[in-house]
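Residue 958 is where the sequence shown starts when you use the numbering used here, and the numbers rise one by one after that. Report on the following structure.
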Amino acid sequence: MQQANEIATWFEEAFQENKEILPVLDRIMDLLGGRAIGLWRCETDRLVQVGFCAVAEMDEQVRKQFAAFTREVSLENTGLGIVKAIVERRPAIGTLRGEESGLKGSSEWLQKFGAQQSYAVPVFEGDQVAGVLAISTNCVHQTGDREWEILTRIAQGIGEKKLLGML
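This is the structure we're talking about:
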């Protein structure tokens, strides 16, 4: 899990030095074979996007639509994994079968992304949910797989360093 600790440190440096976090998100996406990745901060009744990036070959219109759609997201939009992870205080897995996962919104975006699955992990600062880190991938993973463990550890590192509270 050394990679996860390094990435959490890169996030910390980016936040402290007021740098762009997209290069850090891009590194995670490369490491985990992602199609898209994002980080959101939790406010009273909504999520606010901190950063989002996608693979270069993704349709630019889709990338722009998603970035705009998720710039601010109501916590009532529980059809999205990023919201479900916040509301339920545990990771949410989205699949192409939205009716099975209960994440119809995530399912629709996965199709547009050319991805198979999404994994949204809440970021805790103490006992408070401060945000969510989410990735969409071409592969279907199970909870406990290396990729999900790394993403979970990165989210824990962001929370331990209270980085979202700095914003």
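Glycine included, C-beta positions come from ideal geometry on N, C-alpha and C. Computed from a predicted model, the values in this text were never measured in an experiment.
- Distance from the Cα of Met1123 is smallest, within the candidate group Ser1075, Glu974 and Arg1047, for Glu974.
- In summary, Ser1064 is buried, with 16 or more beta-carbon neighbours lying within 10 Å of its beta-carbon over all protein chains present.
- C-alpha of Gly1055 to C-alpha of Ala1042: approximately 15 Å in a straight line.
- Beta-bridge pairing by DSSP links Pro1079 to Val1089.
- Taking a C-beta distance under 7 Å as the contact criterion, Ser1075 and Ser1093 qualify as a contact pair.
- The beta carbons of Leu1121 and Gly1088 sit closer together than 7 Å.
- The Cβ-Cβ distance between Leu1067 and Leu1053 falls below 7 Å.
- Its chain contains Gly990, Gln1073, Gln1074 and Glu1104 as the residues whose beta carbon lies nearer than 8 Å to that of Cys1096, once the 5 sequence neighbours on both sides are disregarded; these appear in chain order.
- Along the region 1003-1047, the alpha helix (DSSP H) occurs as fully enclosed runs of 4 or more residues at 1017-1026 and 1038-1045, listed in sequence order.
- Assignment of beta-bridge partners to Cys999 by DSSP yields Leu1004.
- When the five nearest sequence neighbours on each side are left out, the beta carbons in the same chain lying within less than 7 Å of the beta carbon of Lys1118 are those of Ala965 and Glu969, in order along the chain.
- By the 16-neighbour rule on beta-carbons within 10 angstroms, Arg992 is buried.
- When DSSP states are grouped into helix, strand and coil, Ala993 belongs to the strand group.
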